[in-house]
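Structure, as structure tokens:
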Amino acid sequence: MSVGCKIIKTIKRPDRALVEAFKGMPVANIDDCMNRTAAVRSDICPLNKAPLLGTAFTVKVPEGDNLMFHVAMDMAQPGDVIVIDAGGDPNRAIFGELMITYCQKRGLAGVIVDGAIRDSDEIAAMDFPVYAKAAIPNGPYKNGPGEINTVISFGGKIIRPGDIIVGDGDGIVVIKPEEAADIAAATKKVMEKEAGIMKHIVEDGTYIRPWVAEKVKEIGAEIIE
């Protein structure tokens, strides 16, 4: 049996226009439109300021081993984000500058790992999105096993091959393609609403939100003059 050692070559990717609908959308606004439950854990952080947007190409590796990531780098297509479940291990890096440079040259959309990286200074200077839980000099082993394009757990979220991955300085959200059109439309409305609020704050110093007074009344707060 191939338990824990499997490579699935063909995955279903969403239409690129659907993915691009999230370009430039703040992750916080997207998450608000997903009942504020779509973000991966906060300990998986950006290594640089490059925006993250693409489709999930999933990899599961044993802690401290990157054999299947080497395989995945050659298999993934332009626009894919390689999403690595490394068990959250912070003590052995899964990749560094060389592998990330190769991913960038291949036109991939980013690499994110629930685990550690190294060469963090060099990656920080790159215009290619990388997120990780930690940085450490200890390099990886290359023994396997591992899985490619199976359903994985990443930062507390379940990620399927082909899911839409969006990230900025606040973190990462995961979007199911079948829900993406509605979420993108809702997020656009939130962005337009917030732009109007910001305009009033900047131009006339007002921030009108009647729900605050209503909520204070609802909780029965004692008001002392």
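Our numbering applies: residue 7 is where the sequence shown begins, and numbers increase by one.
Idealized CB from N, CA, C, for every residue including glycine.
**Asked** How should E228 be labelled, buried or exposed, when 16 other C-beta atoms within 10 angstroms of its C-beta is the threshold for buried?
**Response** Taking the sequence shown and counting its residues from 1, the one referred to as residue 228 is at position 222. By the neighbour-count definition (other C-beta atoms within 10 Å, threshold 16), E228 is an exposed residue.
**Request:** With a cut-off of 8 Å on the beta carbons, I'd call G168 and K18 a contact; round off their distance for me.
**Result:** Along the sequence shown, one-based indexing puts residue 168 at 162. Along the sequence shown, one-based indexing puts residue 18 at 12. Between G168 and K18 a beta carbon distance of about 5 Å is seen, short of the 8 Å cut, so the two are scored as contacting.
**Nearest candidate by alpha-carbon position, reference G116, set V208, K195, N54, V33** = In the sequence shown, counting from the first residue as 1, residue 116 sits at position 110. By alpha-carbon distance to G116, the top candidate from V208, K195, N54, V33 is N54.
**Prompt:** By a C-beta neighbour count over all protein chains shown, 10 Å radius and 16 as the cutoff for buried, is M204 buried or exposed?
**Reply:** Position 198 of the sequence shown, counted from the first residue, corresponds to residue 204. That one is exposed.
**Request:** Inspect the beta-carbon positions of I171 and V87 and report whether they are closer than 8 Å.
**Result:** Stepping through the sequence shown from its first residue, residue 171 is reached at position 165. Stepping through the sequence shown from its first residue, residue 87 is reached at position 81. The answer is yes: Cβ separation under 8 Å.
**Three-state class that DSSP yields for D188 in the structure shown** = The residue you call residue 188 lines up with position 182 of the sequence shown. Residue state, collapsed to three classes: helix.
**Straight-line Cα distance separating A78 from C109** = The count along the sequence shown starts at 1 and reaches residue 109 at position 103. The count along the sequence shown starts at 1 and reaches residue 78 at position 72. When the Cα atoms are used, C109 and A78 turn out to be separated by approximately 10 Å.
**Item:** Cα-Cα separation, R166 to P183
**Value:** Here residue 166 corresponds to residue number 160 of the sequence shown, with the count starting at 1. Here residue 183 corresponds to residue number 177 of the sequence shown, with the count starting at 1. Per the coordinates, the alpha-carbon of R166 lies some 10 Å from the alpha-carbon of P183.
**Message:** Given this structure, state the Cα-to-Cα distance separating S126 from D49, to the nearest angstrom.
**Reply:** Residue 126 sits at position 120 when you count from the first residue of the sequence shown. Residue 49 sits at position 43 when you count from the first residue of the sequence shown. Distance between the alpha carbons of S126 and D49 is about 16 Å.
**Request:** Under 7 Å Cβ to Cβ from F160, same chain only, skipping five residues before and after it: list those, please.
**Result:** For the purposes of this step, residue 160 is taken as residue 154 along the sequence shown, with counting starting at 1. The residues are V46, V89, D91, D120.
**Prompt:** What distance in whole Å lies between the Cβ atoms of K29 and L59, which are believed to be in contact at a cut-off of 8 Å?
**Reply:** For the purposes of this step, residue 59 is identified with residue 53 of the sequence shown, where counting begins at 1. For the purposes of this step, residue 29 is identified with residue 23 of the sequence shown, where counting begins at 1. At roughly 6 Å, the Cβ-Cβ gap stays under 8 Å, so L59 and K29 are in contact.
**Request:** Assign P52 to buried or exposed, taking buried as 16 or more other Cβ atoms, counted over all protein chains shown, within 10 Å of its Cβ.
**Result:** Translated into positions along the sequence shown, residue 52 becomes position 46. Under this definition P52 is a buried residue.
**Request:** State whether the segment 140-150 contacts the segment 25-39, with contact taken as three or more CB pairs (one from each stretch) at a distance under 8 Å.
**Result:** They do not touch, by the three-pair rule.
**Request:** Identify the continuous beta strand (DSSP E) that holds F160 and give its terminal residues.
**Result:** On the sequence shown, position 154 is the one that residue 160 refers to. 158-160 is the extent of the beta strand (DSSP E) around F160.
**Message:** If the criterion is Cβ atoms closer than 8 Å, does the pair I99 and A122 meet it?
**Reply:** Here residue 99 refers to the residue found at position 93 of the sequence shown. Here residue 122 refers to the residue found at position 116 of the sequence shown. First, the residue type needs correcting, since residue 99 is Ala and not Ile in the sequence shown. Yes, they are a contact pair.
**Request:** For the alpha helix (DSSP H) containing V218, list its first residue and its last residue.
**Result:** Along the sequence shown, read from residue 1 onward, the residue named residue 218 stands at position 212. Note, V218: alpha helix (DSSP H), 217-224.
**Message:** Am I right that A44 and V179 are in contact with their C-beta atoms under 8 Å? What's the rounded C-beta distance?
**Reply:** One-based indexing of the sequence shown puts residue 44 at position 38. One-based indexing of the sequence shown puts residue 179 at position 173. Between A44 and V179, the beta carbon gap of about 4 Å places them in contact (Cβ cut-off 8 Å).
**Request:** Leaving aside the five residues before and after L5 along the sequence, list all residues of the same chain whose C-beta is less than 6 Å from its C-beta, in chain order.
**Result:** The chain is shown only over 7 to 231; residue 5 falls outside these bounds and no answer can be derived.
**Item:** Given F101 as reference, the closest of M74, P84, R112 once Cα atoms are compared
**Value:** On the sequence shown, position 95 is the one that residue 101 refers to. Relative to the Cα of F101, the nearest Cα in the group M74, P84, R112 belongs to M74.
**Prompt:** Considering only C-alpha positions, which residue in the set M105, C11, T156 is nearest to T64?
**Reply:** Numbered from its first residue, the sequence shown carries residue 64 at position 58. If we check each option's Cα against that of T64, T156 comes out closest.
**Message:** I need the boundaries of the beta strand (DSSP E) containing E153, first residue and last residue.
**Reply:** Here residue 153 refers to the residue found at position 147 of the sequence shown. Secondary structure note for E153: its beta strand (DSSP E) is the uninterrupted segment 152-154.
**Request:** Determine the direct distance from the alpha carbon of A190 to that of L104, and round the result to whole angstroms.
**Result:** For the purposes of this step, residue 104 is identified with residue 98 of the sequence shown, where counting begins at 1. For the purposes of this step, residue 190 is identified with residue 184 of the sequence shown, where counting begins at 1. Rounded to whole angstroms, L104 to A190 spans 35 Å at the Cα level.
**Message:** Our contact map puts N97 next to N149 with C-beta atoms below 8 Å; I'd like the distance itself, whole angstroms only.
**Reply:** Sequence index remark: in the sequence shown, residue 97 carries index 91 (1-based). Sequence index remark: in the sequence shown, residue 149 carries index 143 (1-based). Incorrect: roughly 17 Å between the Cβ atoms, too far for contact.
**Request:** Express the C-alpha separation of I230 and D174 in angstroms, rounding to a whole number.
**Result:** The residue labelled residue 174 in the question sits at position 168 within the sequence shown. The residue labelled residue 230 in the question sits at position 224 within the sequence shown. Distance from the CA atom of D174 to the CA atom of I230, rounded to whole angstroms, is 42 Å.
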